[in-house]
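Take the working numbering: the last position of the sequence shown gets the number 130, and nothing is skipped along the way. Ideal Cβ placement from N, Cα and C applies to all residues, glycine included. Report on one structure; see the data block that follows.
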Amino acid sequence: MTAREALLAELVYECVRAYAELWDTTQYANTVLRAIEQAKVDCADDPAEADALVERYTQRAWERIARERVAAAAPTGGLS
51 MTAREALLAE LVYECVRAYA ELWDTTQYAN TVLRAIEQAK VDCADDPAEA
101 DALVERYTQR AWERIARERV AAAAPTGGLS
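Structure (structure tokens):
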């Protein structure tokens, strides 16, 4: 993964996270979406390739969010 692709992956993750948590901050989500569009242009010469990257990173973002939610819900091991 190139540095630009890593940036795209992180931007997609932020957008998906905002959606998954049902944030009311549509301005933030729109800002991230605009950044994704620019990162797509910077990452790939072919628009189809850029869209494929976003699709891949969207799937990874959902998987990452699922892991984070499982980890957050896991017992900490302390006794109550």
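The Cβ atoms of L103 and A111 do not sit closer than 9 angstroms to each other. A59 and L83 have their C-alpha atoms roughly 12 angstroms apart.
Under the 10 Å beta carbon count, Y107 is surrounded by 16 or more other beta carbons and is classified as buried.
Taking the Cβ atoms as the reference, A53 lies roughly 19 angstroms from C65, outside the contact range of under 8 angstroms. When DSSP assignments are scanned along the segment 57-124, the uninterrupted stretches of alpha helix (DSSP H) that are 4 or more residues long and fall wholly within it turn out to be 76-93 and 97-123. Sorting R119, A85 and K90 by C-alpha distance to the C-alpha of A70 places R119 at the top. At the C-beta level, A98 and V91 stay beyond 9 angstroms of one another.
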